[in-house]
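Take 1 as the starting number for the sequence shown in UniProt numbering and just add one per residue.
Heads up, the beta-carbon is just placed ideally off N, CA and C, and yes, glycines get one too.
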Amino acid sequence: MRTIGLEEHFVTPELAPYGKGTATIAEPHVWEEMSRRLLDLTGARLERMDAAGLDVQVLSLNSPGLQAEPDAALAVSRAAAVNDLLAGTIEAHPSRFAGFAALPLQDPQAAAKELERSVTQLGLRGALVNAHTHGRYLDDPELRVVWEYAQGLDVPLYLHPANGVDAAHVLSGHPELIGPMWSWGTDTASHALRLIFGGVFDDFPEAKLLLGHMGEALPFTLWRLDSRWDFHAHHGIELARGRPSEYLRHNLYITTSGVCSAAPLLCSLLALGSDHILFGTDYPFEEMDVATEFLRTAPVSEADREKIAHGNAERLLRL
1 MRTIGLEEHF VTPELAPYGK GTATIAEPHV WEEMSRRLLD LTGARLERMD
51 AAGLDVQVLS LNSPGLQAEP DAALAVSRAA AVNDLLAGTI EAHPSRFAGF
101 AALPLQDPQA AAKELERSVT QLGLRGALVN AHTHGRYLDD PELRVVWEYA
151 QGLDVPLYLH PANGVDAAHV LSGHPELIGP MWSWGTDTAS HALRLIFGGV
201 FDDFPEAKLL LGHMGEALPF TLWRLDSRWD FHAHHGIELA RGRPSEYLRH
251 NLYITTSGVC SAAPLLCSLL ALGSDHILFG TDYPFEEMDV ATEFLRTAPV
301 SEADREKIAH GNAERLLRL
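Below is the structure:
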């Protein structure tokens, strides 16, 4: 069974310092090992892929990536350089790697053009965005141009977590809950809901959003989102599709990255359908062999397993 992973991270020595905020979350010895793996693009990574039975990794720059850069012009030049590097790595190993572009969202017009260049000239399969860009989220009106290009190119944007602008007061005194343990998931789910209520998918009805970590819990909340939308004051917002779940079932695709558990997978299958679920490992933060073994043994039909393992990625990313 061909297996394609969609959330597979890397970094370069030049860009690694952008991740110093994430480094404060992890145990120091764990971060040291993760950093070593992130910097290794084609050595032990390929060996681990072979051992785990992972045929293809869709590589993406590790969080927070270029979005942490305060200088917009520098972000633009570094995005072009890292996307060129990624394309060169794929060219050297075309059967093993594909890639998502990094975008300099500090400059929306330049980001849209870099997405176009990355897809049409470099052969990348979309882009991965790490949370906010200096407090600006993807529903910002100035970033509509990026969605316009993404829809026109028929490629997805993968929304990945990063450290938030701030932390909710309820987390005060509990730094262990900040990061991938808890806050990243709620922040990313909230970001995705901003896209719905901010009108992104009404403006671009065929835009495609990817979320990792089994959809950041959104597949489990569809009924209540709809019920409470009927209850809540709409504050002048009306949805062309009527209810939030209609957007999540139409525009949202999720990956299994970082969640090797049957219960959320089965819930997601019931909530979104097997055409909207793809495989991911979250390497190097999770182990490839654990993820591929989960995929092989998950209590799903063989037809659904094939879709999750490779069929949906082949269709969505034209792999």
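Quick check: G126 and Q57, are their CB atoms within less than 8 Å of each other? Within the sequence shown, the letter at position 126 stands for residue 126. Within the sequence shown, the letter at position 57 stands for residue 57. In this structure, Q57 does not lie closer than 8 Å to G126 by Cβ.
Would you call the segment 227-235 and the segment 175-186 in contact, with 3 or more CB pairs under 8 Å? The segment 227-235, when compared against the segment 175-186, does not touch it at the 8 Å Cβ threshold.
I'd like the span of the alpha helix (DSSP H) that includes L266, first residue to last. To locate residue 266, count along the sequence shown from 1; it is residue 266. Residues 262-272.
Cβ neighbours of V145 in the same chain (closer than 7 Å, five flanking residues each side left out): Here residue 145 refers to the residue found at position 145 when the sequence shown is read from its first residue. Answer for V145: P108, Q109, A112, listed in chain order.
Quick check: what's the CA-CA separation for A131 versus P104? To locate residue 131, count along the sequence shown from 1; it is residue 131. To locate residue 104, count along the sequence shown from 1; it is residue 104. Roughly 13 Å separates the two Cα atoms.
Would S63 and A192 qualify as a contact pair, given that the criterion is a beta-carbon distance under 8 Å? Numbered from 1 along the sequence shown, position 63 holds the residue referred to as residue 63. Numbered from 1 along the sequence shown, position 192 holds the residue referred to as residue 192. No, the pair does not count as a contact, with Cβ atoms beyond the cut-off.
Using the DSSP secondary-structure output, state which residues sit across from A277 in a beta bridge. Against the sequence shown, residue 277 aligns to sequence position 277. Note that residue 277 is Ile in the sequence shown, not Ala. According to DSSP, I277 shares a beta bridge with I254.
From D187 to G164, what does the alpha carbon distance come to, in whole angstroms? On the sequence shown, residue 187 is found 187 positions in, with the first residue counted as 1. On the sequence shown, residue 164 is found 164 positions in, with the first residue counted as 1. Each residue's CA atom was taken as its position, placing D187 and G164 some 7 Å apart.
Tell me the DSSP bridge mates of A127? The residue given as residue 127 occupies position 127 in the sequence shown. A101, L157.
May I ask you to verify whether the segment 269-281 touches the segment 304-312, counting CB pairs closer than 8 Å and requiring at least 3? Cβ pair count under 8 Å is three or more, so yes.
Using a Cβ-Cβ cut-off of 6 Å (strictly less than) and excluding sequence neighbours within five positions of L54, which residues of its own chain qualify? If you number the sequence shown from 1, residue 54 lands on position 54. In the same chain as L54, and ignoring 5 residues on each side of it, the C-beta atoms closer than 6 Å to its own belong to T3, G5, M288, T292, in chain order.
Beta-carbon within less than 6 Å of W31's beta-carbon, same chain only, minus the 5 sequence neighbours each way: which residues are those? The residue given as residue 31 occupies position 31 in the sequence shown. The beta carbon of W31 sits closer than 6 Å to the beta carbons of A23 from its chain, once the five residues preceding and following it are set aside; these are given in chain order.
Report the rounded CA-to-CA distance for G173 versus E314, giving the unit in angstroms. Here the question's residue 173 lines up with position 173 in the sequence shown. Here the question's residue 314 lines up with position 314 in the sequence shown. Whole-angstrom Cα-Cα distance: 45 Å.
Can you name, in chain order, every residue of its own chain whose Cβ lies under 6 Å from the Cβ of A240, other than the five neighbours on each side? Looking up residue 240 in the sequence shown gives position 240. So the list reads D202, once near-sequence residues are dropped.
Does the count of Cβ pairs from the segment 246-264 and the segment 200-216 closer than 8 Å reach three? Yes, they touch.
Among R96, S268, S183, P284, which residue has its Cα nearest to the Cα of M34? Indexing the sequence shown from 1 puts residue 34 at position 34. Answer by Cα proximity: P284.
I need the straight-line Cα distance from T297 to R305, nearest angstrom please. What you label residue 297 is simply residue 297 of the sequence shown in a count that begins at 1. What you label residue 305 is simply residue 305 of the sequence shown in a count that begins at 1. Between T297 and R305, the C-alpha separation is close to 9 Å.
Sequence-distant residues of its chain with Cβ nearer than 8 Å to L59 (five each side left out): Stepping through the sequence shown from its first residue, residue 59 is reached at position 59. Closer than 8 Å at the Cβ level, and outside the excluded window around L59, lie E8, H9, F10, L41, L86, T89, I90, F97, A98, G99, F100.
Please report the residue range of the beta strand (DSSP E) in which E7 lies. As a working mapping, residue 7 is identified with position 7 in the sequence shown. E7 -> beta strand (DSSP E) spans 4-10.
Using C-beta distances below 6 Å, list every residue in its chain close to P156, excluding the 5 sequence neighbours before and after it, in chain order. Along the sequence shown, one-based indexing puts residue 156 at 156. So the list reads G126, K208, L210, once near-sequence residues are dropped.
Cα separation between I237 and Y247? For this step, residue 237 is matched to residue 237 along the sequence shown. For this step, residue 247 is matched to residue 247 along the sequence shown. Using only the alpha carbons, I get a separation of about 15 Å.
Measuring only the C-alpha atoms, how far is C260 from S245? Here residue 260 corresponds to residue number 260 of the sequence shown, with the count starting at 1. Here residue 245 corresponds to residue number 245 of the sequence shown, with the count starting at 1. C260 and S245 have their C-alpha atoms roughly 24 Å apart.
Please classify S35: does DSSP put it in a helix, a strand, or coil? As a working mapping, residue 35 is identified with position 35 in the sequence shown. It is helical.
Contact under 8 Å by Cβ, S183 with A167: By 1-based counting over the sequence shown, the position of residue 183 is 183. By 1-based counting over the sequence shown, the position of residue 167 is 167. A contact, by the Cβ cut-off of 8 Å.
Thinking C-alpha only, which one of A68, E302, D154, L61 is nearest E206? Within the sequence shown, residue 206 is the residue found at index 206, counting from 1. The residue with the shortest Cα to Cα distance from E206 is D154.
How is V145 classed by DSSP in three states: helix, strand or coil? Looking up residue 145 in the sequence shown gives position 145. DSSP places V145 in helix when its eight states are reduced to three.
Please state whether DSSP places L122 in a helix, a strand or coil. For the purposes of this step, residue 122 is taken as residue 122 along the sequence shown, with counting starting at 1. Here L122 sits in coil by DSSP.
C-alpha distance - N251 paired with L195, whole-angstrom precision: As a first step, residue 251 must be located in the sequence shown, where it is residue number 251. As a first step, residue 195 must be located in the sequence shown, where it is residue number 195. If I take the Cα positions, the gap works out to 10 Å.
Identify whether V290 lies in helix, strand or coil by the three-state DSSP scheme. As a first step, residue 290 must be located in the sequence shown, where it is residue number 290. Helix.
Pick from G198, P28, R136, D84: whose alpha carbon is nearest that of P70? Counting from 1 along the sequence shown, the entry for residue 70 is found at position 70. Nearest C-alpha to P70: R136.
Residues near L46 in its chain [Cβ-Cβ closer than 8 Å; skip 5 each side]: Within the sequence shown, numbered from 1, the residue matching residue 46 stands at position 46. Excluding its 5 nearest sequence neighbours in each direction, L46 has C-beta neighbours in its own chain below 8 Å: H93, R96, listed in chain order.
If you draw a straight line from the C-alpha of A75 to the C-alpha of A68, how long is it? Against the sequence shown, residue 75 aligns to sequence position 75. Against the sequence shown, residue 68 aligns to sequence position 68. Going from the Cα of A75 to the Cα of A68 covers about 9 Å.
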